[in-house]
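Heads up: the sequence lines are chains A and B, in that order.
Here this note's numbering is used: the first residue of the first sequence is 1, the next is one more, and so on.
Here this note's numbering is used: the first residue of the second sequence is 1001, the next is one more, and so on.
Backbone N, C-alpha and C fix where the C-beta goes; we use that ideal spot for every residue, glycine too.
As the structure is a computational prediction, the values presented were derived from the model and not from experiment.
See structure below.
Number of protein chains: 2
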Amino acid sequence: MFNRFFSKRIKNTPPSFIREILKVTQNPEIISFAGGLPNPVSFPQEELKISMNRIADKYGAKIYQYSTTMGLDSLRQYIADRYKKLWGMDITIENVIITTGSQQALDLIGKVFVDEGDNVMVEKPSYLGLLQAFCLYQANFVPVSLNDDGLDIDDLKRVISEYKPKVAYLIPNFQNPTGLTYTLENREKVFDVIKDEDLILVQDDPYGELRFEDAERIPYIGLNKSDKNIYLGSFSKIVTPGMRLGYIIANKEIIKMLETAKQASDLHSNIFGQYLISDYLYNNDLDKHIEKIKKLYKTQAAAMVGAMEEYFPKEVKFTRPKGGMFSWVTLKEGTDVLKLFDRAIEKKVAFVPGHPFYVNPQSVNTLRLNYTNADENTIKTGIIRLAEALGEV
Amino acid sequence: MFNRFFSKRIKNTPPSFIREILKVTQNPEIISFAGGLPNPVSFPQEELKISMNRIADKYGAKIYQYSTTMGLDSLRQYIADRYKKLWGMDITIENVIITTGSQQALDLIGKVFVDEGDNVMVEKPSYLGLLQAFCLYQANFVPVSLNDDGLDIDDLKRVISEYKPKVAYLIPNFQNPTGLTYTLENREKVFDVIKDEDLILVQDDPYGELRFEDAERIPYIGLNKSDKNIYLGSFSKIVTPGMRLGYIIANKEIIKMLETAKQASDLHSNIFGQYLISDYLYNNDLDKHIEKIKKLYKTQAAAMVGAMEEYFPKEVKFTRPKGGMFSWVTLKEGTDVLKLFDRAIEKKVAFVPGHPFYVNPQSVNTLRLNYTNADENTIKTGIIRLAEALGEV
């Protein structure tokens, strides 16, 4: 009835597939590996309650008033300090802008860089939230294949020379949806290919802190070597997603443009949440808290991988994540994953079929499993049900 | 250095003029009428502190977890109930979507309705946040003149027949920046002109609850007579702006599209804030709280209007608001308001020159004054300073 009013951009943007699946999985009997919810253990509830009372007493009306678009100085300072310490970045708070979750970071980057038809390089598969966000800016996606060690370098060279993308969006750590991490060697090769190109490289890193195997962090692609690098981070997976607080680190000139885009998008992110998280971070040991989350996720990932090894048919492949929240399953060529989804729902287990993670999904035989939101026994039971469903397709 | 990367849309979007002015007014000696900040009396701080502890105890992890794009059911129910009661609207929570402040509502409406070059009707002058938001979607603005009683009907007819706008954006109550309110008669005439047009009418209403004179509310344009009406509301001016919580009420088909746009924009608005405001609303008397704000703003508005009557030269015109937060001043034809701004800053008083509220500002002799964020004496002192500055231009 209103179709004639709707913009071309929105008519070409699919509603989130996952949000549709979540409706099916409202049934509490269904074991859901479909979401991407952090385990509530990652919310430091007691500490946050102390912090909220403290900021109410300490700052009064300020925590309820309008605030600056760039975000709370103390929170931006914490982020700048952490990245300086971890990565030796030469940055100040002027290089940091707070966003309403990482999803808004994607929206703002779309606003600032993407004109209709601009080529944007993405991983194949990529984060569906990015595909959705940039779809609204009418990007032309050019996907590059992923291997176990990161981007396929030959495919990367082909895409770069054929399409000259303006923006590349990569998730080098515990990628969503695959759970894969680019090796150091792969990152160096990627940078060699792109370093002389006219290309803005966005590295999204919501899961980087959740490395539960191989303690050493791997540096970002082109770390401290390129002004055209943009880094995204988030408190969603290590403190709380409900506050919707993420951030962008970039060159000041880029941040300035993102600030204008953010003014137009929501004026500023909720300031109460910024005071709360800032107070929490300065009064608690974040790294100690992250250790607790990692320990749990390691156990949960091991439970899922172990169960898949035991119960899945041998021809089914899956990733063995060293961090993050997901494993990516590749079924026998030609298996219809949507048919599997229907069988799985009958057996009361849910997952995300691979489709929404591809730019042009066709004959998809992949699926995403999340292991962070169920205990070990539930994970095992769910995988057994899924294995039974696999036997029927 | 990065100019070649930036999108056409962002290069055409001006940074917020007001945010630039706010930097000048950081000096505590300056009396600022430039902002649009609610008086902190409008934040029920004690009650919110009780509510935050209650929701922490009652809902646990839920207040920190990811949540639904549409928003918290209980909050949407409160809004639906209030609009049913106040306006007899036949709506359910399916007609309500929560947004990250009203500014996000504007961004989402731009995403969903505006293609490059689409004609969007706005008031002259209009809210600068709308101009900025829709600029990013490359709208072609078609302004309609405002008179003391609302839209200029002849100008409206001309614009409608000449441009056939797809979307109209109006602020019928205590308009920003002018403080004007459309009369009932004007609203009826406006509806007569547009009712058979293919036009989405957005009525933004952040100030409607703040009617401190003439107790009776005036119904929206085309209230309950058009499926093409979209209503915006906000908790920013009556509870707290810092939480960034607003909402859109519209036909379900439109809400569905806005939901997809919101998924891509920030997944959902901060859920802690939604639980908090919802708990506050169900456990306190909002109308009683609003009475307190209105009483204060009435005194503050009277102080400003009284001082302007006493000290401003007779040829200076200004609006006498019956609610909301602003008065709009029109200087003698040909006066350079930017020159006045410089003189005013020297005398330590600030305001917003009219420019950012116009689509094509030229020879602007208007300015906006905010009276909600200073006490009566400060307002008087500020107006005296401004009158002195007026004597020098």
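To which residues of the same chain is Ser7 (chain A) closer than 8 Å at the C-beta, ignoring the five residues directly before and after it? Here residue 7 (chain A) refers to the residue found at position 7 of the first sequence. Cβ neighbours of Ser7 (chain A) beyond the five flanking positions: none.
Can you grab the Cα-Cα spacing for the pair Ile221 (chain A) / Thr100 (chain A), in whole Å? Indexing the first sequence from 1 puts residue 221 (chain A) at position 221. Indexing the first sequence from 1 puts residue 100 (chain A) at position 100. The straight-line gap from Cα to Cα measures roughly 25 Å.
Spatial neighbours of Val112 (chain A) within its chain, please: C-beta separation below 7 Å, excluding the five flanking residues on both sides. For the purposes of this step, residue 112 (chain A) is identified with residue 112 of the first sequence, where counting begins at 1. For Val112 (chain A), where only same-chain residues beyond five positions count, the Cβ hits under 7 Å are Met257, Leu258, Ala261.
Going by the DSSP bridge assignment, what does Asp1204 (chain B) pair with across the sheet? Position 204 of the second sequence holds residue 1204 (chain B). BP columns for Asp1204 (chain B) point to B:Leu1232.
Over what stretch of residues does the beta strand (DSSP E) that includes Ser1327 (chain B) continue unbroken? Residue 1327 (chain B) sits at position 327 when you count from the first residue of the second sequence. Segment 1326–1330, the beta strand (DSSP E) holding Ser1327 (chain B).
Enclosing beta strand (DSSP E) for Arg1368 (chain B) [first to last residue]: Here the question's residue 1368 (chain B) lines up with position 368 in the second sequence. Note, Arg1368 (chain B): beta strand (DSSP E), 1366–1370.
Using a Cβ-Cβ cut-off of less than 7 Å, list which residues of the stretch 94–112 of chain A approach chain B; keep chain order. Thr100, Gly101, Gln103, Gln104, Asp107, Lys111, Val112
Which runs of the alpha helix (DSSP H) at least 4 residues long sit entirely within the stretch 58–135 of chain A? Give them in chain order. 73–87, 101–113, 128–135
What are the residues that DSSP puts in a beta bridge with Lys317 (chain A)? Counted from its first residue, the first sequence places residue 317 (chain A) at position 317. Note: Lys317 (chain A) sits in a beta bridge opposite A:Thr330.
Tell me the DSSP bridge mates of Leu1286 (chain B)? Indexing the second sequence from 1 puts residue 1286 (chain B) at position 286. Beta-bridge pairing links Leu1286 (chain B) to no other residue.
In whole angstroms, give me the CA-to-CA distance for Ser42 (chain A) and Lys1164 (chain B). Taking the first sequence and counting its residues from 1, one reaches residue 42 (chain A) at position 42. Taking the second sequence and counting its residues from 1, one reaches residue 1164 (chain B) at position 164. Rounded to whole angstroms, Ser42 (chain A) to Lys1164 (chain B) spans 53 Å at the Cα level.
What separation, rounded to the nearest whole angstrom, lies between the Cα atoms of Asp115 (chain A) and Phe1005 (chain B)? Stepping through the first sequence from its first residue, residue 115 (chain A) is reached at position 115. Stepping through the second sequence from its first residue, residue 1005 (chain B) is reached at position 5. Rounded to whole angstroms, Asp115 (chain A) to Phe1005 (chain B) spans 10 Å at the Cα level.
Any C-beta of chain A sitting closer than 8 Å to the C-beta of Met1001 (chain B)? Here the question's residue 1001 (chain B) lines up with position 1 in the second sequence. It does: the Cβ of Met1001 (chain B) has a partner Cβ on chain A nearer than 8 Å.
Going along chain A in order, which residues have a C-beta closer than 8 Å to the C-beta of Asp1115 (chain B)? Counting from 1 along the second sequence, the entry for residue 1115 (chain B) is found at position 115. Within chain A, the residues near Asp1115 (chain B) are Ser7, Lys8, Arg9.
Decide if Leu1048 (chain B) is buried, meaning its Cβ has at least 16 other Cβ atoms within 10 Å, or exposed. On the second sequence, position 48 is the one that residue 1048 (chain B) refers to. Answer is buried; the Cβ neighbour count reaches 16.
Gly1179 (chain B) and Thr1319 (chain B) look like a contact to me (Cβ under 8 Å); what is the Cβ gap, rounded to whole Å? Along the second sequence, one-based indexing puts residue 1179 (chain B) at 179. Along the second sequence, one-based indexing puts residue 1319 (chain B) at 319. Confirmed, about 5 Å.
Applying the 10 Å Cβ sphere with the 16-neighbour rule, what's the burial state of Gln26 (chain A)? Here residue 26 (chain A) corresponds to residue number 26 of the first sequence, with the count starting at 1. The residue in question, Gln26 (chain A), is exposed, as its Cβ has fewer than 16 Cβ neighbours within 10 Å.
Within chain B, the residues that Ile200 (chain A) reaches when beta carbons sit closer than 7 Å: In the first sequence, residue 200 (chain A) corresponds to position 200, counting from 1. Going along chain B in sequence order, the residues near Ile200 (chain A) (Cβ under 7 Å) are Phe1005.
What does Ala1061 (chain B) reach in chain A if we use C-beta pairs closer than 8 Å? Start at 1 with the first residue of the second sequence, and residue 1061 (chain B) comes out as number 61. Near Ala1061 (chain B) (Cβ distances below 8 Å), the residues of chain A are Pro40, Phe43, Gln45.
Is Ala1056 (chain B) close to chain A? Criterion is C-beta to C-beta, closer than 8 Å. Here residue 1056 (chain B) refers to the residue found at position 56 of the second sequence. Chain A contact via Cβ: present.
Taking the C-alpha atoms as reference points, what is the distance between Asn119 (chain A) and Glu197 (chain A)? The residue given as residue 119 (chain A) occupies position 119 in the first sequence. The residue given as residue 197 (chain A) occupies position 197 in the first sequence. Each residue's alpha carbon lies about 14 Å from the other.
Reference Phe312 (chain A); option with closest CA among A:Leu331, A:Gly323, A:Ala139: For the purposes of this step, residue 312 (chain A) is identified with residue 312 of the first sequence, where counting begins at 1. Of the candidates A:Leu331, A:Gly323, A:Ala139, the one whose C-alpha sits nearest the C-alpha of Phe312 (chain A) is A:Leu331.
Tell me which residue opens and which closes the beta strand (DSSP E) that Val1144 (chain B) is part of. Locating residue 1144 (chain B) in the second sequence gives position 144, counting from the first residue. Note, Val1144 (chain B): beta strand (DSSP E), 1140–1147.
For chain B, is any of its Cβ atoms less than 8 Å away from the one on Ser16 (chain A)? Taking the first residue of the first sequence as position 1, residue 16 (chain A) is located at position 16. Yes, Ser16 (chain A) lies at the interface with chain B (some Cβ there is under 8 Å from its Cβ).
What are the residues of the stretch 231–250 of chain A that lie near chain B, defined by any Cβ-Cβ distance shorter than 9 Å? Ser236, Val239, Thr240, Pro241, Gly242, Met243, Arg244, Leu245
Can you name the residues of chain B whose CB is closer than 8 Å to the CB of Gly273 (chain A)? As a first step, residue 273 (chain A) must be located in the first sequence, where it is residue number 273. Simply Asn1270, Phe1272, Gly1273.
Is there a Cβ from chain B that is less than 8 Å from the Cβ of Glu253 (chain A)? As a working note, residue 253 (chain A) is residue 253 in the first sequence. Judged by the 8 Å Cβ criterion, Glu253 (chain A) is in contact with chain B.
Please confirm if Leu1281 (chain B) has its CB atom under 8 Å from at least one CB of chain A. Counted from its first residue, the second sequence places residue 1281 (chain B) at position 281. For Leu1281 (chain B), the answer is no, since every Cβ of chain A falls outside 8 Å of its Cβ.
In this structure, does DSSP put Ala1034 (chain B) in helix, strand or coil? By one-based count along the second sequence, residue 1034 (chain B) stands at place 34. Here Ala1034 (chain B) sits in coil by DSSP.
In angstroms with no decimal places, state the Cα-to-Cα distance between Ala1056 (chain B) and Ile1063 (chain B). Within the second sequence, numbered from 1, the residue matching residue 1056 (chain B) stands at position 56. Within the second sequence, numbered from 1, the residue matching residue 1063 (chain B) stands at position 63. Cα to Cα, the separation comes out at about 7 Å.
Cutting at 8 Å between CB atoms, please list the residues of its own chain near Leu1184 (chain B), excluding the five before and the five after it. Taking the second sequence and counting its residues from 1, the one referred to as residue 1184 (chain B) is at position 184. Around Leu1184 (chain B): Ile1218, Pro1219.
Which chain A residues are close to Tyr1064 (chain B), counting only those with a beta carbon under 8 Å from its beta carbon? Walking along the second sequence from the start, residue 1064 (chain B) turns up at place 64. Result: Pro40, Phe43, Gln45, Leu48, Thr240, Pro241, Gly242, Met243.
Distance check for Lys348 (chain A) and Ile30 (chain A), CA to CA, integer angstroms please. Within the first sequence, residue 30 (chain A) is the residue found at index 30, counting from 1. Within the first sequence, residue 348 (chain A) is the residue found at index 348, counting from 1. Distance between the alpha carbons of Ile30 (chain A) and Lys348 (chain A): 4 Å.
Closer than 6 Å by C-beta to Gly324 (chain A): which residues in its own chain qualify, once you throw out the five before and the five after it? Chain order, please. The residue you call residue 324 (chain A) lines up with position 324 of the first sequence. Closer than 6 Å at Cβ, skipping near neighbours: Phe174, Gly179, Tyr207, Leu210.
Identify whether Leu1408 (chain B) lies in helix, strand or coil by the three-state DSSP scheme. The requested residue 1408 (chain B) does not occur in the structure, where chain B is confined to residues 1001 to 1393.
What in chain B is Cβ-close to Ala261 (chain A), meaning under 8 Å? Position 261 of the first sequence, counted from the first residue, corresponds to residue 261 (chain A). Neighbours of Ala261 (chain A) on chain B, chain order: Ile1010, Thr1013, Leu1136.
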